[in-house]
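Protein chains: 2
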Amino acid sequence: MTQTRTTRLERGRSALGPALELVHTGRAPTRAVLTSELGVTRATAGAVAAELEALGLITVDSRPHASAGSQGRPSHRLFVNEDGPVVLAAQIHADGYRAALVGLGGRIVATTPSCGIIPADPAQVLAEVVEAGAALLRETGRRCLGAGLAVPSAVAEPDGEALNPLHLAWPSGAPVRELFLRALAEAGIPGVTEKIGFTGNDVNLGALAEHRHGAGRGARHLLCVASGHRGVGGALVLDGRLHSGSSGLALEVGHLTVHPEGAPCHCGSRGCLDVEADPLAFLVAAGREPGPEVSLLHQAVELLRNEYSEPGVRTAADLLIDRLGLGLAGLVNILNPDRIILGGLHRALLEADPERLRAVVADRSLWGRSGGVPILPCSLDHNSLVGAAELGWQPVLNDPLVVLD
Amino acid sequence: MTQTRTTRLERGRSALGPALELVHTGRAPTRAVLTSELGVTRATAGAVAAELEALGLITVDSRPHASAGSQGRPSHRLFVNEDGPVVLAAQIHADGYRAALVGLGGRIVATTPSCGIIPADPAQVLAEVVEAGAALLRETGRRCLGAGLAVPSAVAEPDGEALNPLHLAWPSGAPVRELFLRALAEAGIPGVTEKIGFTGNDVNLGALAEHRHGAGRGARHLLCVASGHRGVGGALVLDGRLHSGSSGLALEVGHLTVHPEGAPCHCGSRGCLDVEADPLAFLVAAGREPGPEVSLLHQAVELLRNEYSEPGVRTAADLLIDRLGLGLAGLVNILNPDRIILGGLHRALLEADPERLRAVVADRSLWGRSGGVPILPCSLDHNSLVGAAELGWQPVLNDPLVVLD
DNA sequence: CTGGCTTTGTGCCGACGCTAAACAAAATAC
DNA sequence: GTATTTTGTTTAGCGTCGGCACAAAGCCAG
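Taken in sequence, the protein lines are chains A and B.
FYI, in the numbering used here the residues of the first sequence are -9 to 395.
FYI, in the numbering used here the residues of the second sequence are -9 to 395.
1) Counting Cβ pairs, one atom from each stretch, are 3 or more of them under 8 angstroms apart for the stretch 103 to 119 of chain A and the stretch 146 to 159 of chain A?
2) In or out: residue 322(A) buried (at least 16 other Cβ within 10 Å) or exposed?
3) Comparing alpha-carbon positions, which option in 329(B), 386(B), 6(B) and 150(B) lies nearest residue 236(B)?
4) Flag residue 150(B) as yes if its beta-carbon sits less than 8 angstroms from any beta-carbon of chain A, otherwise no.
5) According to DSSP, is residue 71(A) part of a helix, a strand, or is it coil?
6) Over what stretch of residues does the alpha helix (DSSP H) that includes residue 176(A) continue unbroken?
7) Using a C-beta to C-beta distance shorter than 9 angstroms, which residues of chain B count as neighbours of residue 210(A)?
8) I'd like the span of the alpha helix (DSSP H) that includes residue 312(A), first residue to last.
9) If you draw a straight line from the alpha carbon of residue 5(A) to that of residue 18(A), how long is it in whole angstroms?
10) Give me the subset of the stretch 365 to 378 of chain A whose CB atoms are less than 7 angstroms from a CB atom of chain B, sorted by chain position.
11) How is residue 213(A) classed by DSSP in three states: helix, strand or coil?
12) With a threshold of 8 angstroms between beta-carbons, can residue 21(A) be considered close to chain B, or not?
13) For residue 130(A), name the three-state secondary structure that DSSP assigns.
14) Quick test of your reading: residue 406(A) and residue 147(A), contact by CB under 8 angstroms. State the CB separation rounded to the nearest angstrom.
15) Can you tell me which of 193(B), 60(B) and 9(B) puts its alpha carbon nearest to the alpha carbon of residue 69(B)?
16) Measure from the C-beta of residue 388(A) to each C-beta in chain B and report whether the shortest distance is under 8 angstroms.
17) Please list the terminal residues of the continuous beta strand (DSSP E) segment that includes residue 100(A).
18) Just the chain B side, please: which residues come within less than 7 angstroms of residue 243(A) by C-beta, in chain order?
19) Mind the definition here: the stretch 329 to 349 of chain A touches the stretch 362 to 369 of chain A only if three or more C-beta pairs lie below 8 angstroms; say whether that holds.
20) Can you grab the Cα-Cα spacing for the pair residue 144(B) / residue 154(B), in whole Å?
21) Taking only beta-carbon positions, decide if residue 7(A) is within less than 8 angstroms of chain B.
22) Whole-angstrom Cβ separation of residue 276(A) and residue 302(A), contact assumed at under 8 angstroms?
23) Could you tell me the boundaries of the alpha helix (DSSP H) in which residue 142(A) lies?
24) Quick one: using the 10 Å Cβ neighbour count with 16 as the cut-off for buried, is residue 373(A) buried or exposed?
25) Alpha carbon to alpha carbon, how far is residue 45(B) from residue 36(B)? Give it in angstroms, no decimals.
26) Taking the alpha helix (DSSP H) that residue 384(A) belongs to, which residues open and close that run?
27) CA-CA distance, residue 331(A) and residue 313(A)?
28) With a threshold of 6 angstroms on Cβ separation, who are the neighbours of residue 104(A) within its own chain once the five nearest residues in sequence on each side are excluded?
29) Any beta carbon from chain A within less than 8 angstroms of residue 257(B)'s own beta carbon?
30) In chain order, what residues of the same chain have a beta carbon less than 6 angstroms from the beta carbon of residue 43(B), not counting five sequence neighbours either side?
31) Please name the residues in the stretch 78 to 102 of chain A whose beta-carbon is closer than 8 angstroms to at least one beta-carbon of chain B, in chain order.
32) Using the three-state DSSP reduction, which class does residue 66(A) fall into: helix, strand or coil?
33) Applying a beta-carbon distance threshold of less than 9 angstroms, which residues of chain A neighbour residue 31(B)?
34) Using 8 angstroms as the limit for Cβ to Cβ distance, is residue 159(B) near chain A?
35) For a test of the three-state rule: what should DSSP assign to residue 340(A), helix, strand or coil?
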């Protein structure tokens, strides 16, 4: 119990938020790093750390630990408080929905199994998933500071409507943010009064999670591309902030042309990435009849992992890698990211033949410098869920004193 | 002479920079607006304005002026100081080079005529253009606070090398930023010691200028596309900041596929925007033999403006509008900007048939909401030059107290 | 083991940049 | 002319952070 806090920090915009974000994203393991990262003095960093500890958000390990061999006094280490508050995260996807409690640092504290049936009524789905989350809160007794939701469709800003949720039987334009907030209010979940944030596209939120806690950590301009059930989604994190466009419709990368003579697409064009490099396209290219029992993504990934040695599967994979590479090269020319992360089927394609994909991207993007961008598989389980939690954490990261209510 | 400044503001990060930027971009005509835009109290806004006035950067008109009919005490109006310091702006383009002095607010105070010959040695060109700028400084007796340079090629970060300057006889990889800084030092221009900024791609800088002073003012996500001599350039301003990618190569939009069966491009693909919608493509489509006397851009724009009624010209224009629209639609799907500004030949195409272009973009981008993005012609003369000046102004906008040296 | 050296953490004081609140000024509304 | 609205200024005060001195805790040299 360190009660020796002397400089009382009061509510307002101070270094508290940035400091918490550094610990949250694992970039501030000690007070010393906090000092240099924030650009403040040791005195300030110490006071900020003490305040965050007093708020119950972080813990400090004062015991001497095996130091890294450098001389000088060893630092005390800072951790997010594993037993601290959580946010409620919810995800709707093609195979079902899932609720979880996520702590600082992006750690999933508790989760429900994925429920496999999606009712056609968005309000009912959201009420069910929020109730599942509320049950987790009751079981664990954790304090809840916010909530976030990931949906498998574009989310129109500023009102948060789900546009063209192709994988679900939902109507286009369903006001998911409003329905989610209403469900939270009905379930008595606190900390969700604000009208901003809280709902986002799953690929976007997965990208945000990867940037903060996964393979995208440290990237300045991060591009994520992932194929789920049908179609291809993209997301872009610029200087730590999600770019979702002026109305939430950015990175609709599914309609890049990657095969001019290719299959027709519902958008009216031909050979779009959406129809040339998604799970269905892979199964068809490999000559398999897609079955209805499990998701197309699951079938495609299993086929790729288990039967890659078969020539037909290998050929289909090469074809999709080439198409995907062409699309990524186009994005590289436009966005010039310093890292690319792939999810879903595209992750499996990358892992099947990393060199082929990298070569295609480097070959078709301008100048080797830009073409040499690292391409990595995503590294988090349930990254959309963790990303949804980031939405709920954001007010706390902006001003940790909101914890005091 | 208002000497009644009481609250002395000292060097450091205060509201001075944001306040100056608001006046600079014309978004703070009065102290009252400054108060609300900065989110500070009237007392602070007043002190900040007084300090900026004392620094010689802005002027205050205390005389009563014809108020806008609203009740309450009329505001005093704030202006950038027309007789204040300037920055040296330089531009290299296909037709020559030009130097200018640019004040706050993006106003061109003095400019040289465009010199029509570009020597093959970058160092010599930059020495000449800087010397022309130095001569302007001597003539006008203005104080110089910085400098900026616009070049017609991608500029690789972080070192500032010109990549593939197709329009010039320069070698690719010429270290233009270093050469520019050296020329400035030789000419004794002050305020250019820092190693960051100061050199950028002309379309990027034009976009920045349009965002701050022209048709892009107020846009949150601004996309600019322009065709100059050959090829097509793009630029993106996000939340007021230029996105030039992780290595300065973003928005190389010239290789979007807009005509799958189109002409081969040096990038290895076919039907790229670069070869389908630039001035040469237009002249060829209209059945004209491009002459060597003036620039291709000039020939194309003149043809479009003077002979639009001729069927062949009209048909060629429609063709290019369709190609350009396809490329813009692809960009809209990826970037979801809230405004698009066109320059060069594309501006002329827009003005020739605005409805056709808007219809193509709306038709080929997803969802009307995203497709309804406003498309405007650029509105500044010499926007690249003004944008280059913005690079020079940036340190002053970050901390106006640098004026004190 | 002892005495430097280096790095980290803390207590104290002051300064800077802002807010809050009262007051003053200049216009319109009635 | 008086009330109301909006803008600008003055004064007091507070919060956050920098500067500095000092203490603590580990290496390293002898």
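Glycine residues also receive a C-beta, built at the ideal position from the N, C-alpha and C atoms.
The structure presented is a predicted model; accordingly, all values stated were derived computationally and were not measured.
Looking at the coordinates:
1) The way I'd put it, the stretch 103 to 119 of chain A does touch the stretch 146 to 159 of chain A; three or more beta-carbon pairs between them come closer than 8 angstroms.
2) Position 332 of the first sequence holds residue 322(A). It counts as buried.
3) Taking the second sequence and counting its residues from 1, one reaches residue 236(B) at position 246. Ranking the options by Cα distance to residue 236(B), first place goes to 150(B).
4) Taking the first residue of the second sequence as 1, we reach residue 150(B) at position 160. It does not: the Cβ of residue 150(B) has no partner Cβ on chain A nearer than 8 angstroms.
5) Residue numbering aside, residue 71(A) sits at position 81 when the first sequence is read from its first letter. Looking at residue 71(A) - three-state DSSP - the assignment turns out to be coil, as it is neither helix nor strand.
6) On the first sequence, position 186 is the one that residue 176(A) refers to. 166 to 177 is the span of the alpha helix (DSSP H), which, as asked, contains residue 176(A).
7) Residue mapping note: residue 210(A) aligns to position 220 of the first sequence, counting from 1. Near residue 210(A) (Cβ distances below 9 angstroms), the residues of chain B are 236.
8) Locating residue 312(A) in the first sequence gives position 322, counting from the first residue. Segment 301 to 325, the alpha helix (DSSP H) holding residue 312(A).
9) Residue numbering aside, residue 5(A) sits at position 15 when the first sequence is read from its first letter. Residue numbering aside, residue 18(A) sits at position 28 when the first sequence is read from its first letter. Those two C-alpha atoms are separated by around 13 angstroms.
10) none
11) One-based indexing of the first sequence puts residue 213(A) at position 223. Strand at residue 213(A).
12) The residue you call residue 21(A) lines up with position 31 of the first sequence. For residue 21(A), no CB of chain B lies under 8 angstroms from its own CB, so it is not counted at the interface with that chain.
13) For this step, residue 130(A) is matched to residue 140 along the first sequence. In the three-state reduction of the DSSP assignment, residue 130(A) falls in the helix class.
14) Limits of chain A in this structure are -9 at one end and 395 at the other, which puts residue 406(A) out of reach.
15) Locating residue 69(B) in the second sequence gives position 79, where the first residue counts as 1. The option with the nearest alpha carbon to residue 69(B) is 9(B).
16) To locate residue 388(A), count along the first sequence from 1; it is residue 398. By this cut-off, residue 388(A) is not an interface position.
17) Locating residue 100(A) in the first sequence gives position 110, where the first residue counts as 1. Annotation for residue 100(A): the continuous beta strand (DSSP E) segment containing it runs 98 to 101.
18) For the purposes of this step, residue 243(A) is identified with residue 253 of the first sequence, where counting begins at 1. Neighbours of residue 243(A) on chain B, chain order: 324.
19) They touch, by the three-pair rule.
20) On the second sequence, residue 144(B) is found 154 positions in, with the first residue counted as 1. On the second sequence, residue 154(B) is found 164 positions in, with the first residue counted as 1. Near 7 angstroms, if we compare the C-alpha coordinates of residue 154(B) and residue 144(B).
21) Start at 1 with the first residue of the first sequence, and residue 7(A) comes out as number 17. It does not; no Cβ of chain B falls within 8 angstroms.
22) Locating residue 276(A) in the first sequence gives position 286, counting from the first residue. Locating residue 302(A) in the first sequence gives position 312, counting from the first residue. Confirmed, Cβ separation roughly 6 angstroms.
23) Walking along the first sequence from the start, residue 142(A) turns up at place 152. No alpha helix (DSSP H) contains residue 142(A), which DSSP labels as neither H nor E.
24) Working through the first sequence from its first residue, we reach residue 373(A) at position 383. Classification of residue 373(A): buried, given that the 10 Å Cβ count is 16 or more.
25) By one-based count along the second sequence, residue 36(B) stands at place 46. By one-based count along the second sequence, residue 45(B) stands at place 55. Roughly 14 angstroms between the two C-alpha positions.
26) Taking the first residue of the first sequence as 1, we reach residue 384(A) at position 394. Taken as a continuous stretch (DSSP letters only), the alpha helix (DSSP H) holding residue 384(A) covers 373 to 388.
27) Position 341 of the first sequence, counted from the start, is the residue given in the question as residue 331(A). Position 323 of the first sequence, counted from the start, is the residue given in the question as residue 313(A). Distance between the alpha carbons of residue 331(A) and residue 313(A): 16 angstroms.
28) In the first sequence, the residue the question calls residue 104(A) occupies position 114. Only 86 and 88 meet the Cβ criterion.
29) Locating residue 257(B) in the second sequence gives position 267, counting from the first residue. Chain A has a Cβ within less than 8 angstroms of the Cβ of residue 257(B).
30) Here residue 43(B) corresponds to residue number 53 of the second sequence, with the count starting at 1. Within the same chain, residue 43(B) has close Cβ partners 50.
31) Within the stretch 78 to 102 of chain A, contact with chain B at the beta-carbon level (separation under 8 angstroms) is assigned to no residue.
32) Mapped onto the first sequence, residue 66(A) falls at position 76. Coil.
33) Residue numbering aside, residue 31(B) sits at position 41 when the second sequence is read from its first letter. Here the premise fails: no neighbours, minimum Cβ distance about 14 angstroms.
34) Along the second sequence, read from residue 1 onward, the residue named residue 159(B) stands at position 169. Cβ-Cβ to chain A under 8 angstroms: no for residue 159(B).
35) As a working mapping, residue 340(A) is identified with position 350 in the first sequence. Here residue 340(A) sits in helix by DSSP.
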